[in-house]
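In the working numbering, the protein residues as written are 233 to 345.
Here is the structure:
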């Protein structure tokens, strides 16, 4: 079975752990490839390759300034991932709320035999 290309959408692009680390390293600011190499301890070709994948799906944007290229996260491109993960957050919040209620009920039963 053929692998799904990593440049089809944001989900496939961020499936690779190194690309998620790269997004974390960028955070809310901008950085050059050299800065990202220093932050992540990856080689320059690895960082450039991963940035290329992230740029292809517009998860990362680039701004040229002289000879430097400044990379930054494009938050709106990550919205589909955020929305998808949000469904799990709602489910787990509901389950944890029910667990809190059950624990409170058990504590009441212990203190009022």
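Glycine included, every Cβ here is placed at the ideal spot set by N, Cα and C.
Note that the coordinates shown come from a computational prediction; the quantities given were computed from them, not determined experimentally.
Does the segment 322 to 340 come within contact of the segment 287 to 301, defined as at least 3 CB pairs closer than 8 Å?
-> no
Between the segment 241 to 251 and the segment 259 to 269, are three or more C-beta pairs nearer than 8 Å?
-> no
Delimiting residues of the alpha helix (DSSP H) encompassing residue 247 | Counting from 1 along the chain shown, the entry for residue 247 is found at position 15. It is not in any alpha helix (DSSP H) - residue 247 carries neither H nor E in the DSSP assignment.
Terminal residues of the continuous beta strand (DSSP E) containing residue 330?
-> By one-based count along the chain shown, residue 330 stands at place 98. Looking at the DSSP string, residue 330 is not in any beta strand (DSSP E); the run it does join, the alpha helix (DSSP H), is 311 to 343.
Is the distance from the Cβ of residue 272 to the Cβ of residue 286 below 8 Å?
-> One-based indexing of the chain shown puts residue 272 at position 40. One-based indexing of the chain shown puts residue 286 at position 54. No, the Cβ-Cβ distance between residue 272 and residue 286 is not below 8 Å.
Same chain only: Cβ atoms within 6 Å of residue 342, ignoring 5 sequence neighbours per side = By 1-based counting over the chain shown, the position of residue 342 is 110. Once the five neighbours on either side are set aside, residue 342 has no close Cβ partner at all.
What are the residues that DSSP puts in a beta bridge with residue 293?
-> In the chain shown, the residue the question calls residue 293 occupies position 61. Beta-bridge pairing links residue 293 to 304.
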